[in-house]
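Numbering (the working numbering), first residue to last: 30 to 531.
C-beta atoms are modelled at their ideal positions from N, C-alpha and C, and glycine is treated no differently.
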Amino acid sequence: MPTRTAAPKSKTTEVRSERYRIRFDRRAQAALCAQIAGACRLVWNLLLADCERRYRLHKEYGKGAAIEGAVPVDKSVSFFTLGKRFTDLRSRPDAAWVRAFLGSPWGRRYRDMDLSWLGDLPYAPLRYTAKYLADAYTRFFEAWAAAKFQGQSLGVRKSDGKPKGFPKYKAKFDRDDGFTIPDGVRMDGDRLHIPKVGWVRLEGSGLYRGCKAKQVRIRKEGTEEHPKWYAYVFHEVPADRLKQPAWTGAVGVDRNVGQATDSEGEVYEVPDDPKLDANIKRKQRSAAKARARSKANGQPMSNRGRRICGQLKKRQRKKKRRRENANHQASRKLADTAHTVVLEDLNTKAMTRSAKGTVEEPGKNVKPKAGLNRGILNTGWGQLERNLDYKAGNVVNVDAAYTSQTCSSCGHVGQENRRTQATFKCVACGYKANADHNAALNILARGLALLPKARGNGASARREALGPCLLPLAMDKSTSVTREQGMPTAQGPPGSGAWSSM
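So, in structure tokens, the structure goes:
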């Protein structure tokens, strides 16, 4: 199996994000932030509707299609092109394409809308919405090309009949309601300046306080009655200020439902809250009934229904924060323990595929499989792997086949070795251990086999011949742990008494 290393990092600085709670001094500031976020949502919908109109014209009439007179149709969805269209919407409402758009079926709902108020709001955050739309189109085209290359289809969305992954229109109660300050960020200690809003106070740990802020994402969370505003600040942090991973050593990690276990025997659990899960299920049922009533009556959702949906989102965010916190702590500790982290190459998307199946191929054991899917997704396997990608020095993926049935002591493979889910007992040599710990040892062994071998007959090659388990970890890069044959015993770093026995 090929090894996958972490992305190359800058030698001098790295970008790190931090989440702050925004405390407004005046209610008008919160109202203005909500107005800017609503304007960004409107700009997204306007540009998306115009992109659909241009695509239809180009598909029907080809390159010769024109908006007015000799103005050709430009169906480009790049950030540069979408940014120019936003400038026209904001400053030149009498432009030819704007009049053509508002007179078309796609712009009918915006025909009587006065867009001049967009000029009273900050320019950069509104224009940056075009960047998000361009990125959404890029992701869709990449997924479409990959599916076409494999002879597959993306499928159709039930809500609007468009291909899955195609950019969606944003609703008023969208969960990602906010805006971005792309550049020119002004921070003074624990205060942030938001264009047209003024200075606001930030509440948080301030881990990277004093570092240059490159970009800020302002986001609203919570219910409509009690919204909470947060600032996600992206700092440019000097590399020497960050805690570097250990210089040597490797560790294997076995991911299971609800926890992960490393080859040292340490267990990293994702906290489970049955009371919160039961509350979420009740709110999901109530929200589903409210949506069904709204759809049957053909009317917008009632205030009570929206309140229930807000309560559901609040509890889901709480569960998400707990999972993210547990995975961040586990990945940080693993990165500090060893330079190389070995993981199983798991296709989480395929493993959590719908248990119901299709009409032609109905699923089996639907209820247990659905529960397993929920457990895998709630543990956040992919999130742990993504965190290790930028925290650890090197990440290696190995084949996951038979890691849980192989004895890490003698190498015997057999299903009978796993009599229970928690205990591993080899029928060949009698070795007994925790099942997850045994699997982590097998994962580590497979990962070490993929790492580059030492060449020549020097000390590195001789140490490798002894096997990885006999080598202690160097706690300090500046401490030399090399001892040539025949040399007197040298004292290694603290706690490395094993060197005296070489």
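Between Asn423 and His368, which are expected to be in contact by the criterion C-beta below 8 Å, what is the C-beta distance as a whole number of angstroms?
If you number the sequence shown from 1, residue 423 lands on position 394. If you number the sequence shown from 1, residue 368 lands on position 339. Yes, they are in contact, since the Cβ atoms of Asn423 and His368 sit about 6 Å apart, within 8 Å.
Distance check for Ser331 and Leu413, CA to CA, integer angstroms please.
For the purposes of this step, residue 413 is taken as residue 384 along the sequence shown, with counting starting at 1. For the purposes of this step, residue 331 is taken as residue 302 along the sequence shown, with counting starting at 1. Distance between the alpha carbons of Leu413 and Ser331 is about 39 Å.
Fully enclosed by the stretch 210 to 280, which beta strand (DSSP E) runs are 3 residues long or longer?
215 to 217, 220 to 223, 227 to 232, 241 to 251 and 256 to 267
In the DSSP assignment, find the unbroken alpha helix (DSSP H) run with Lys420 in it and report its ends.
Reading the sequence shown from its first residue, position 391 is the one you call residue 420. Looking at the DSSP string, the run of the alpha helix (DSSP H) that includes Lys420 is Trp410 to Lys420.
Reducing DSSP to helix, strand and coil, say where Gly515 ends up.
Walking along the sequence shown from the start, residue 515 turns up at place 486. Only weak support exists for where Gly515 lies, its pLDDT of 35 falling under 50; the coordinates are left without a value.
Would you call Arg70 buried or exposed, if buried means 16 or more other Cβ atoms sit within 10 Å of its Cβ?
By one-based count along the sequence shown, residue 70 stands at place 41. Result: buried.
Counting only runs that start and end within the stretch 282 to 321, where is the alpha helix (DSSP H) found for 4 or more residues in a row?
none
Along the chain, where does the beta strand (DSSP E) that runs through Leu372 open and close?
Taking the first residue of the sequence shown as position 1, residue 372 is located at position 343. For Leu372, the enclosing beta strand (DSSP E) covers residues Thr369 to Glu373.
Would you identify the three-state DSSP class for Phe53, choosing helix, strand or coil?
Reading the sequence shown from its first residue, position 24 is the one you call residue 53. Reduced to three states, the DSSP call for Phe53 is coil.
From Ala68, Lys243 and Leu363, residue whose alpha carbon lies closest to that of Asp283
Taking the first residue of the sequence shown as 1, we reach residue 283 at position 254. For Asp283, the nearest C-alpha among the options comes from Leu363.
Taking the straight line between their C-alpha atoms, what separation do you get for Tyr237 and Ser133?
Taking the sequence shown and counting its residues from 1, the one referred to as residue 237 is at position 208. Taking the sequence shown and counting its residues from 1, the one referred to as residue 133 is at position 104. For Tyr237 and Ser133, the distance between alpha carbons rounds to 50 Å.
Three-state secondary structure assigned by DSSP to Asn326
Reading the sequence shown from its first residue, position 297 is the one you call residue 326. Note: Asn326 maps to helix in three-state DSSP.
Compare the C-alpha of Ala226 against each of Arg215, Ser234, Glu232 and Gln288 and name the closest.
Taking the first residue of the sequence shown as 1, we reach residue 226 at position 197. As written in the sequence, residue 226 is Val, which differs from the Ala given in the question. That would be Arg215, whose Cα lies nearest to the Cα of Val226.
Pull up the CB-CB distance for Val532 and Leu473, whole angstroms please, since I reckon it's below 8 Å.
There is simply no residue 532 to check, as the chain begins at 30 and stops at 531 in what is shown.
Would you tell me roughly how many angstroms separate the C-alpha atoms of Leu61 and Phe202, rounded to the nearest one?
Taking the first residue of the sequence shown as 1, we reach residue 61 at position 32. Taking the first residue of the sequence shown as 1, we reach residue 202 at position 173. If you take the alpha carbons of Leu61 and Phe202, they lie about 17 Å apart.
Does the Cβ of Ala176 lie closer than 6 Å to at least one heavy atom of the ligand MN?
By its list of ligands, the structure shown contains no ligand whatsoever, and the ligand MN lies outside what it can speak to.
What's the C-alpha gap between Lys197 and Cys240?
Looking up residue 197 in the sequence shown gives position 168. Looking up residue 240 in the sequence shown gives position 211. Lys197 and Cys240: Cα-Cα distance of roughly 36 Å.
Check whether the stretch 307 to 315 touches the stretch 328 to 346, counting contact only when three or more Cβ pairs, one atom from each stretch, lie closer than 8 Å.
The stretch 307 to 315 vs the stretch 328 to 346: in contact.
Return helix, strand or coil for Phe195, following the three-state DSSP convention.
Within the sequence shown, the letter at position 166 stands for residue 195. Residue state, collapsed to three classes: coil.
What are the boundary residues of the alpha helix (DSSP H) that Thr381 is part of?
The residue you call residue 381 lines up with position 352 of the sequence shown. Premise fails: Thr381 is in no alpha helix (DSSP H) and is neither H nor E.
Applying the criterion that 16 or more other CB atoms from any shown protein chain within 10 Å of the CB defines a buried residue, is Cys439 buried or exposed?
Sequence index remark: in the sequence shown, residue 439 carries index 410 (1-based). Cys439 should be labelled exposed.
6 Å CB neighbourhood of Gly251 in its chain, flanking five on each side removed
Position 222 of the sequence shown, counted from the first residue, corresponds to residue 251. Correct list, in chain order: Lys257.
Determine the DSSP secondary structure at Arg403, reduced to helix, strand or coil.
Here residue 403 corresponds to residue number 374 of the sequence shown, with the count starting at 1. DSSP places Arg403 in helix when its eight states are reduced to three.
For Glu47, count neighbouring Cβ atoms within 10 angstroms of its own Cβ and tell me buried if that reaches 16, exposed if not.
To locate residue 47, count along the sequence shown from 1; it is residue 18. Glu47 comes out buried.
Can the beta-carbon of Phe195 be found less than 7 Å from the beta-carbon of Phe178?
By one-based count along the sequence shown, residue 195 stands at place 166. By one-based count along the sequence shown, residue 178 stands at place 149. Against a cut-off of 7 Å, the Cβ pair of Phe178 and Phe195 comes out as no contact.
Residues bridged to Gly184 [DSSP beta-bridge criterion]:
For this step, residue 184 is matched to residue 155 along the sequence shown. Its beta-bridge partners do not exist; DSSP assigns none.
For Leu27, which residues in the same chain have their Cβ closer than 7 Å to its Cβ, ignoring the five residues on either side in sequence?
Absent from the model: residue 27. The displayed extent of the chain is 30 to 531, so no value can be given.
Using the C-alpha atoms, what's the distance from Val427 back to Asp374?
The count along the sequence shown starts at 1 and reaches residue 374 at position 345. The count along the sequence shown starts at 1 and reaches residue 427 at position 398. Cα-Cα distance, rounded: 5 Å.
What residue from Pro224, Ser234, Tyr419 and Lys378 has the CA that sits closest to Leu401's CA?
Mapped onto the sequence shown, residue 401 falls at position 372. If we check each option's Cα against that of Leu401, Lys378 comes out closest.
Determine the contact status of Asp563 and Val299, defining contact as a CB-CB distance below 7 Å.
For residue 563 there is no data in the structure shown, the boundaries of the chain being 30 and 531.
At the level of alpha carbons, what is the spacing between Arg45 and Ile51?
What you label residue 45 is simply residue 16 of the sequence shown in a count that begins at 1. What you label residue 51 is simply residue 22 of the sequence shown in a count that begins at 1. Cα to Cα, the separation comes out at about 19 Å.
Using 8 Å as the cut-off, can you tell me whether the stretch 151 to 159 makes contact with the stretch 101 to 119, which would need three or more C-beta pairs spanning the two stretches below that distance?
yes
Give the straight-line distance between the Cα atoms of Ala59 and Phe53, rounded to the nearest whole angstrom.
Here the question's residue 59 lines up with position 30 in the sequence shown. Here the question's residue 53 lines up with position 24 in the sequence shown. Rounded to whole angstroms, Ala59 to Phe53 spans 7 Å at the Cα level.
Check the C-beta distance from Arg140 over to Leu131 and give it rounded, since I have them as a contact under 8 Å.
For the purposes of this step, residue 140 is taken as residue 111 along the sequence shown, with counting starting at 1. For the purposes of this step, residue 131 is taken as residue 102 along the sequence shown, with counting starting at 1. That pair is a contact at about 5 Å.
Ala317: buried (16+ other C-beta within 10 angstroms of its C-beta) or exposed?
The count along the sequence shown starts at 1 and reaches residue 317 at position 288. Counting Cβ neighbours within 10 Å, Ala317 comes out exposed, since fewer than 16 surround it.
Measuring straight from C-alpha to C-alpha, what distance separates His222 and Gly235?
Locating residue 222 in the sequence shown gives position 193, counting from the first residue. Locating residue 235 in the sequence shown gives position 206, counting from the first residue. Straight-line Cα distance between these residues: approximately 16 Å.
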